[in-house]
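The block underneath contains the structure these notes are about, expressed in structure tokens.
Take a look at the structure:
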């Protein structure tokens, strides 16, 4: 039986197919999906119907799968026949993505037969982005454009496309085994280059439109593995070299243009294009992510932006502490324990019928209510209708000599089911919102007093996750702060946080109103390269030194030092993270060291390291770097690169050293 005959058998009479064809492939496909299944109401029957409709109308897999997923979400949301019409994706890759990526001209010529412009400076990047956002007649929404600029078509969501699925799709297209592709990947080092090497054409023909690519990629979410592979193979078979390079970068979600462009530059561009006030955009960015902020601007305009307000169940960026208590610290300060735990914001919202909903958001705005037993019960127990409170999940581990504060590693291991039993607690240290009132503009001591009164009734309550006010007190001078710091250290904690008692809560900002006092200076920096233990990258060579970088004053990252001396276990974990996250760019590098010239590899900035160091030095050329840096903690995915420390922080530390 032919495919068309099968479609007729499942979907009905010839007239139905004729009507579907007359509507066009997109609306016709939707029409066929609407037909009743009869008694066979299963997902497998839906898939059979989808495949039959696809065959009858000649839709490629990547579009059929995306439209089917969209239909399953909302059968009434039928797209227009021309909803894919937009700029050719190759033009967007060549005119926008390639310049923003900053590939060296020689590499661009080798991969795509195109001589790129190399790395653009800050003003040029900003002008390019502003021009793209303002360009009319592209067939793209403003959200689509921001997604492209950020290198994230999924608007911040995690897609979860494994390396195996990607290689299976490429194997299908290139008629090569996944095993052989893995071997080639080990030699090439960059997954994007592997896909480019197996492309038979320079550009898609007929051209892939940008909307077609975005719709196909977004349609992958939630698909069964087999359909996801088929859809990817279909899209890749259409794509040329340059298009493949960026599609694979999108899929691995490890190449964010926004990491080097910076949210500040993108906010500037949005302000110029939309006419919105920059200050209001800054406030909005602290309340919602960049994609939701753009959607509000596009769909609701300035009124939507003005209506944006702090509210429970909408995750917000937390206030972050600066790196070090300054020598000229003004007193008094509220000096609190610095717990080595997981920062969480607990939200509770009660509707007019008394129904309670809760959430516990991490710094990356992920809800961990289901990951940590007791968080939901804690939120419900708070004696209020609506609340947002900030705090730290910490724990104690039991040893032969008694309990001690657990490290964040202990917490994460236990949450993964690998560690021993822990006694969890939640230390609340700030209150942002209570029963309809935004408290962020109020002085810290007033917020803390309100917080203390809120959680006081829960003292001693048999909650699965006990809550208490964070340890701390108002200190009037440095000596008193030092004594309290020594007490915190003797209890096994990291140190303390000095907070301006009259300061507001600065949403989503790293502020010098909060500063850390710890045993050693630390900064959060990006790992951007790795040097081999020998002078060449021969067989058996391993990484012995890692390059670290801070956010520069313009776009991009600035190298500020090299760290070495990791133990075998930590080094192995770091190497595994580099491979798992697909951070190898495939570009080699060299650095002059005390033992001679050493070869290495460049890494995309996807790993954040907390680095301890003895001080900051400035060379004859004025370049700042860290003295004797050591990695004390590695984060992959937990911390956004926009939160790492800046070069100007090193400058401030260097100045303080000179003034002491």
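Residue numbers (our numbering): 373 to 1032.
Every residue gets a Cβ at the ideal spot worked out from N, C-alpha and C, and that includes glycine.
Under the criterion of beta carbons closer than 8 Å, residue 794 and residue 768 qualify as touching, at roughly 7 Å. Within the same chain, 917, 919 come within 6 Å of residue 934 by CB-CB distance, once the 5 residues on both sides are set aside.
For residue 785, the CB contacts under 7 Å within the same chain, skipping 5 residues up- and downstream, are 791 in chain order. The alpha-carbon of residue 755 is positioned some 8 Å away from that of residue 827. Measuring C-alpha to C-alpha distances from residue 753 to each of 700, 812, 832, 699 identifies 832 as the nearest. Boundaries for residue 618: no beta strand (DSSP E) harbours it, while the alpha helix (DSSP H) harbouring it runs 613–624, taken from the DSSP string. At a Cβ-Cβ threshold of 9 Å, residue 951 and residue 976 do not count as neighbours. In the three-state reduction of the DSSP assignment, residue 691 falls in the coil class.
Residue ranges of uninterrupted beta strand (DSSP E) with 3 or more members, entirely inside the stretch 822–889 and ordered along the chain, are 839–841, 844–847, 867–871, 882–889. Residue 494 sits in a helix when the DSSP states are folded into three classes. Around the CB of residue 426, 16 or more other CB atoms lie within 10 Å, so the residue is classed as buried. Of all C-beta pairs linking the stretch 662–679 to the stretch 864–874, fewer than three are shorter than 8 Å, placing the two stretches out of contact. Collapsing the DSSP output to three states places residue 750 in a helix. If you check the CB distance, residue 1018 and residue 982 do not come in under 9 Å. At a Cβ-Cβ threshold of 9 Å, residue 462 and residue 576 count as neighbours. Non-local C-beta neighbours of residue 986 in its own chain, meaning closer than 6 Å and more than five positions away in sequence, comprise 999, 1000, ordered along the chain.
Annotated as proximal: residue 722 and residue 757, with beta-carbon spacing under 9 Å.
Under the three-state reduction of DSSP, residue 596 is assigned to coil, being neither helix nor strand. By the Cβ-count criterion, residue 690 is buried, with 16 or more other Cβ atoms from all chains shown falling within 10 Å of its own Cβ.
Of the candidates 959, 883, 705, the residue whose Cα lies closest to the Cα of residue 972 is 959. Per DSSP, reduced to three states, the secondary structure at residue 777 is strand. Counting C-beta atoms within 10 angstroms of its own C-beta, residue 782 has 16 or more neighbours from the protein chains shown and is therefore classed as buried. Within the same chain, and ignoring the five residues on either side of residue 857 in sequence, the residues whose Cβ sits closer than 8 Å to its Cβ are 707, 867, 868, 889. Excluding sequence positions up to five before and after residue 423, its CB lies less than 6 Å from no other CB in the same chain.
When secondary structure is reduced to three states using DSSP, residue 730 falls in the strand class. If the five residues before and after residue 477 are omitted, its C-beta is found closer than 6 Å to the C-beta atoms of 487, 488, 490, all from its own chain and listed in chain order.
By the Cβ neighbour-count rule, residue 403 is buried, with 16 or more other Cβ atoms within 10 Å of its own. For residue 479, the enclosing alpha helix (DSSP H) covers residues 477–484. For residue 515, the enclosing alpha helix (DSSP H) starts and ends at 514–522. Nearest C-alpha to residue 401 among 862, 470, 521, 433: 433. DSSP, read as helix, strand or coil, puts residue 719 in strand. By the Cβ neighbour-count rule, residue 624 is buried, with 16 or more other Cβ atoms within 10 Å of its own.
Distance from residue 876 to residue 812 at the Cβ level is roughly 6 Å; contact confirmed, criterion being Cβ atoms closer than 8 Å. Using a Cβ distance threshold of 9 Å, residue 872 and residue 705 count as a contacting pair. Our two residues, residue 640 and residue 647, have alpha carbons roughly 10 Å apart in a direct line.
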